[in-house]
Amino acid sequence: MTIWRPANSITVKAMALIWQDDALLLSEIHDDSGRVTGMRPLGGTVEFGEPWRDALQREFLEELGTRITLLDNHFVMENIYEHHGVTGHEIVFLCHAHFTDSSYYRMDTIIYEISEDTVGTAKWVSPGELAARGLELYPGGLAEKLAKPQEVTRAGRMFS
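Structure, rendered in structure tokens:
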């Protein structure tokens, strides 16, 4: 297993909020011992000169081999966090999206390639289930943001 630490710079990320009923598609985040400490939406780092929407599409093609449809509603969060004593700092574009291939909605678990030697696991999990399991929703503050219906919409419409 590769031990990951945050970069000593600000990174820009793009993540997709893909819903199935009240569950989000979330990827497991592990600590150095392999224990799941939280989950986050799928996506990745925006490369220099790349628009965040293009980065999000590229990440899904690279990691899952599929396309997603990005909706118009998105928001940006700043995330400053600690990971094993190392400070990380990222700006995250979060965009509601749908899979163009509906077969992904029938999968309970999606295994995807992060790099040549690393795979990730994504599952459909409701924010309430995460809290009940004692797991964090990353980036920090996302759970609170999603709980405010006046600020965030799901599938392009307000929810309650």
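Per the numbering used here, the sequence shown starts with residue 7, numbered consecutively.
The beta carbon of each residue, even a glycine, is placed where N, CA and C say it ideally should be.
Just so you know, these numbers come straight off a predicted model, no measurement behind them.
- Using a Cβ-Cβ distance cut-off of 8 Å, the stretch 57-74 and the stretch 139-158 are not in contact, since fewer than three pairs of beta carbons, one from each stretch, lie closer than that value.
- Taking the CA atoms as reference points, Gly55 sits about 10 Å from Ala61.
- Cβ-Cβ distances below 7 Å link Ile117 to Val125, Thr127 in the same chain, with the five nearest sequence neighbours on each side left out; the list follows chain order.
- Distance check between Val98 and each of Val92, Val82, Ile35, His90 places Val82 closest, using alpha-carbon atoms only.
- Residue pairing from DSSP places Thr17 in a beta bridge opposite Glu96.
- Between the stretch 36-43 and the stretch 109-116 there are fewer than three inter-stretch CB-CB distances shorter than 8 Å, so the stretches are not counted as touching.
- The beta carbon of Glu69 sits closer than 8 Å to the beta carbons of Leu48, Gly50, Tyr118, Glu119, Ile120, Gly126 from its chain, once the five residues preceding and following it are set aside; these are given in chain order.
- Membership of Gly134 in the alpha helix (DSSP H) is indicated by the continuous run 133-138.
- Rounded to the nearest whole angstrom, the C-alpha separation of Trp130 and Asn14 is 32 Å.
- The alpha helix (DSSP H) runs lying completely inside the stretch 38-93 and spanning 4 residues or more are 58-70, given in chain order.
- Judged by DSSP in its simplified three-state form, Ala153 adopts coil rather than helix or strand.
- The residue from Thr17, Ala138, Thr93 with its alpha-carbon nearest to that of Trp58 is Thr17.
- A direct Cα-Cα distance of roughly 20 Å separates Tyr110 from Ala20.
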